[in-house]
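Student: Handing you this structure, nothing more for now.
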Amino acid sequence: MHARSAVFDLYGDHLALRGYWAPISGVITLLGSCGIAAPATRTAVSRITSQGWLEPLPRNNIRGYAATPAGRDRLGEAWERIYRPTTAAWDGRWQVVVTARPQDRAQRDKVVGTLGFLGYGRIAPQTWLAARPAPELASSLEALGIEFSAFTTGDLPDAPAVVARTWDLTELAEDYRAFMADAAPLRERLAGSMTPEAAYPVRAELVHRWRKFLFVDPALPDEVLPDGWPGQAARDLFLEVADRLLPPARIFVSEALAAAGAPTEPDRPVKDPAR
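In terms of our numbering, the sequence shown opens at residue 1 and continues consecutively.
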């Protein structure tokens with residue numbers, strides 16, 4: 001688990017109830033339980049801050065960092081996708097997006113990563129396809145300085161063949177089955193008790209691994225997926241194990257943040273994305 005991903009996972013998975021704020025020493029402690037050294041954590045926080053997702057915000061003379069409004073939006077959207085129980089219903093229509101040509105390789109890579117995260121597959125150099133329009137499409141491309149046009153259509157001849165050419169579903173199915181093979185024994189381990197200190201890194205690794213599917217699974221409708229698609233079975237297993245690990249993991253988070261000087265109670269009631 002890279003430090004940058006672990007920071008995002010911590011803020012998205014546990015800090016919504018705390019206003020997305022934490023003392024930096026508490027972040028270091030929590031990532032340290034996952035085997036991430038303090039210098040790597042500090043570097044990751046610094047880089048995430050420079051990218052506009054976090055901002056330094058001291059409280060009661062305690063150095064800490066809070067998610068920016070843009071960071072909160074991205075964390076909330078990502079964790080809603082992580083914990084949704086099923087794929088959203090499909091109305092039979094596809095969205096086609098045509099983007100302007102990126103100015104350079106860096107901008108191109110950002111466009112590819114952003115549209116892939118939003119569920120779009122590239123069918124031509126500047127043309128993308130998705131089963132559902134992403135609400136964040138306009139704001140995400142505007143932030144990258146990329147103009148685009150989009151339209152929806154129900155006319156996609158031989159949709160399964162188009163899907164197979166656009167996304168590598170064979171590899172994705174293998175990844176889902178590998179995830180289940182690793183998570184099933186963990187479910188058996190949870191038949192007994194797990195200490196908070198042990199539960200936090202186990203859950204962090206589980207969520208981190210599942211979060212990767214957000215970047216590669218376009219959430220396609222059942223109508224165009226191969227027979228025996230393992231995505232929903234993998235999701236059901238993830239949600240079961242993650243939910244059982246949440247209470248002890250939250251205890252460890254609360255203890256680590258309190259030791260670092262954070263308030264013992266959440267700042268204000270906020271929807272918990274991990275529920």
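The beta carbon of each residue, even a glycine, is placed where N, CA and C say it ideally should be.
Extract the residue ranges of the alpha helix (DSSP H) inside the stretch 217-244, only unbroken runs of 4 or more that lie entirely within it.
Tutor: none
Student: Is the closest heavy atom of the ligand FMN to the C-beta of A38 under 7 Å?
Tutor: In the structure on display, the ligand FMN does not appear, and there are no ligands present to speak of.
Student: For R122, list the residues DSSP reports as bridge partners.
Tutor: Position 122 of the sequence shown, counting from 1, holds the residue named residue 122. According to DSSP, R122 bridges with W128.
Student: Using three-state DSSP, classify E55 as helix, strand or coil.
Tutor: As a first step, residue 55 is located in the sequence shown; it is residue number 55 there, counting from the start. In this structure, E55 counts as strand in the three-state DSSP scheme.
Student: For the beta strand (DSSP E) holding G64, just list the boundary residues, first then last.
Tutor: Against the sequence shown, residue 64 aligns to sequence position 64. Taken as a continuous stretch (DSSP letters only), the beta strand (DSSP E) holding G64 covers 64-67.
Student: Name the residue from P58, L15, V7 whose alpha carbon lies nearest to the alpha carbon of C34.
Tutor: By one-based count along the sequence shown, residue 34 stands at place 34. When only C-alpha atoms are compared, the closest one is V7.
Student: Just confirm the distance between the C-beta atoms of G261 and P56, as a whole number of angstroms; I'd bet it's less than 8 Å.
Tutor: Locating residue 261 in the sequence shown gives position 261, counting from the first residue. Locating residue 56 in the sequence shown gives position 56, counting from the first residue. No, G261 and P56 are not in contact; Cβ-Cβ is about 15 Å, not under 8 Å.
Student: By the 10 Å Cβ neighbour count, where 16 or more other Cβ atoms means buried, how is A16 classified, buried or exposed?
Tutor: Position 16 of the sequence shown, counting from 1, holds the residue named residue 16. That one is buried.
Student: According to DSSP, is W94 part of a helix, a strand, or is it coil?
Tutor: For the purposes of this step, residue 94 is taken as the residue at position 94 of the sequence shown. Residue state, collapsed to three classes: strand.
Student: Measure the C-alpha to C-alpha separation of Q232 and E80 and round it to an integer number of angstroms.
Tutor: Residue numbering aside, residue 232 sits at position 232 when the sequence shown is read from its first letter. Residue numbering aside, residue 80 sits at position 80 when the sequence shown is read from its first letter. If you take the alpha carbons of Q232 and E80, they lie about 16 Å apart.
Student: Within 10 Å of its beta-carbon, does T153 have 16 or more other beta-carbons around it, so buried, or fewer, so exposed?
Tutor: On the sequence shown, residue 153 is found 153 positions in, with the first residue counted as 1. Exposed: under 16 other Cβ atoms inside 10 Å.
Student: Hey, T49 and A219: beta-carbon distance below 8 Å or not?
Tutor: In the sequence shown, counting from the first residue as 1, residue 49 sits at position 49. In the sequence shown, counting from the first residue as 1, residue 219 sits at position 219. Contact flag unset, no.
Student: What residues in its chain sit with their C-beta under 7 Å from that of G52, if we drop five residues either side in the sequence?
Tutor: Taking the sequence shown and counting its residues from 1, the one referred to as residue 52 is at position 52. Around G52: T68, A70.
Student: Please determine, among P85, R4, G76, the residue with the shortest C-alpha to C-alpha distance to E240.
Tutor: Indexing the sequence shown from 1 puts residue 240 at position 240. Relative to E240, the option among P85, R4, G76 whose CA is nearest is P85.
Student: Using beta-carbon positions only, say whether V277 and P160 come within less than 8 Å of one another.
Tutor: Look at the range of the chain in this structure, 1 to 275, and you will see that residue 277 is not part of it.
Student: P85 by DSSP, collapsed to three states: which one?
Tutor: Numbered from its first residue, the sequence shown carries residue 85 at position 85. Correct three-state label for P85: coil.
Student: Just to confirm my understanding: we take D175, look at its own chain, exclude 5 residues before and 5 after, and list those with CB closer than 7 Å. What are they?
Tutor: If you number the sequence shown from 1, residue 175 lands on position 175. Excluding sequence neighbours, D175 sits near nothing in its chain.
Student: With three or more beta-carbon pairs closer than 8 Å as the criterion, would you say the stretch 110-127 touches the stretch 90-100?
Tutor: Below 8 Å, enough C-beta pairs join the stretch 110-127 and the stretch 90-100 to call them touching: three or more.
Student: Buried or exposed, going by whether 16 or more other CB atoms sit within 10 Å of the CB of R132?
Tutor: To locate residue 132, count along the sequence shown from 1; it is residue 132. Burial check for R132: the Cβ neighbour count within 10 Å reaches 16 or more, so the residue is buried.
Student: Would you say G277 and A78 are within 8 Å of each other, going by their C-beta atoms?
Tutor: The structure shown has nothing for residue 277, since the chain only spans 1 to 275.
Student: Measure the alpha-carbon distance for S254 versus A198 and round it to whole angstroms.
Tutor: For the purposes of this step, residue 254 is identified with residue 254 of the sequence shown, where counting begins at 1. For the purposes of this step, residue 198 is identified with residue 198 of the sequence shown, where counting begins at 1. Looking at the two C-alpha atoms, the distance is approximately 14 Å.
Student: Short of 6 Å in beta carbon distance, which residues of its chain neighbour I251, apart from the five on each side in sequence? Order them along the chain.
Tutor: The residue given as residue 251 occupies position 251 in the sequence shown. Counting only Cβ-Cβ distances below 6 Å, and skipping sequence neighbours, we find P196.
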